[in-house]
Amino acid sequence: VAEMMLKLVAFGLIIGNTDPDPPYLRDPWHVIDGVIVTVSVLSIALASSNLSFLKVLRAFRAARPLRVISKNVGLRMVVITLMQSVWGIGNVALISFLVFLVFGILGVQLLAGKLYHCTDTLITHREACYGYFLDPDTGVFTQREWSNLHRQNYDNIFSSLLTLFEISTLEMWTTIMYRATDAVSNDEAPRRDHNKFLAMFF
24 VAEMMLKLVA FGLIIGNTDP DPPYLRDPWH VIDGVIVTVS VLSIALASSN LSFLKVLRAF
84 RAARPLRVIS KNVGLRMVVI TLMQSVWGIG NVALISFLVF LVFGILGVQL LAGKLYHCTD
144 TLITHREACY GYFLDPDTGV FTQREWSNLH RQNYDNIFSS LLTLFEISTL EMWTTIMYRA
204 TDAVSNDEAP RRDHNKFLAM FF
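Here the sequence shown is numbered in my numbering, starting from 24 and rising by one per residue.
Here it is in C-alpha cells:
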C-alpha cells in the first residue's frame, strides 16, 4: 500500500510527465499492481462480513505473483513476448484443429459403429445378440446388449476428435490402434487382426 501511495505521488494518477515513467493509470503494470493491492485491502477490511462477492475478491489473491513480474524487467519481457505471440499460436492451433478434423472425419467414415460387440462374448453377430446369458464373472443371468464399452471410439465427430487427441498424447495409443484393426462391420463383433491395414490410419 505504501509503495502504491508513493508511486501515485511521484508519477501522478492520470495526468503527468511521461518521461521517464508515465502516470500511474497509464502504465498497465501499475494498473495490475493497483488492482491487486486494492482487492487485498478490501478483502482484509471486509473479512468479518459474510458477503458473497468477497469470495470473488479472495480469488484475486492468486494474482499476487504478478507483482513480481511488474518489478522484474526480464520477466516482463517474457510476458510481453508471450502476449505478442498469441496470434501466431492461434494460427498454429487453427491449422492443427483442421488436421485433426480431417482425420476425425476419416475415422468416422472408417470405424463408426464397427467397435460394438455383444456383452455375451460367444455371440458375434448383432441379430443374435438378444435374450439373457449367464455372466461367467458374476454368475448372474444378464441381458445381452450390443454396445461399445470403450470411451475411445469413432461413432461421431466429437468422440473421434477426442480419441485422436488422446492418441496424439501417445497415451496407450497402441491399444486404440489394435482395437481398430479388429473392426469388422456394424453388425459383426470385432475379430482379432481382421483389418491390419487400418493400422496405417494411426
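Beta carbons are placed, not taken as given, at the ideal position from N, Cα and C, and that holds for glycine.
{"Query": "Neighbour-count burial assignment, residue 110, 16 or more Cβ in a 10 Å radius", "Result": "exposed"}
{"Query": "Buried versus exposed call for residue 160 [16 or more other C-beta atoms within 10 Å across all chains shown]", "Result": "exposed"}
{"Query": "Per DSSP, cross-strand counterpart(s) of residue 155", "Result": "166"}
{"Query": "Residues that DSSP places opposite residue 208 in a beta bridge", "Result": "211"}
{"Query": "Reduced DSSP secondary structure (H/G/I, E/B, other) of residue 148", "Result": "strand"}
{"Query": "Touch test, the region 149-163 against the region 99-106, Cβ-Cβ under 8 Å, three pairs minimum", "Result": "no"}
{"Query": "Extent of the continuous alpha helix (DSSP H) to which residue 132 belongs", "Result": "109-134"}
{"Query": "Residue nearest to residue 196 in terms of C-alpha spacing, selected from 46, 150 and 176", "Result": "176"}
{"Query": "Residue 27 versus residue 68 - alpha carbon distance", "Result": "18 Å"}
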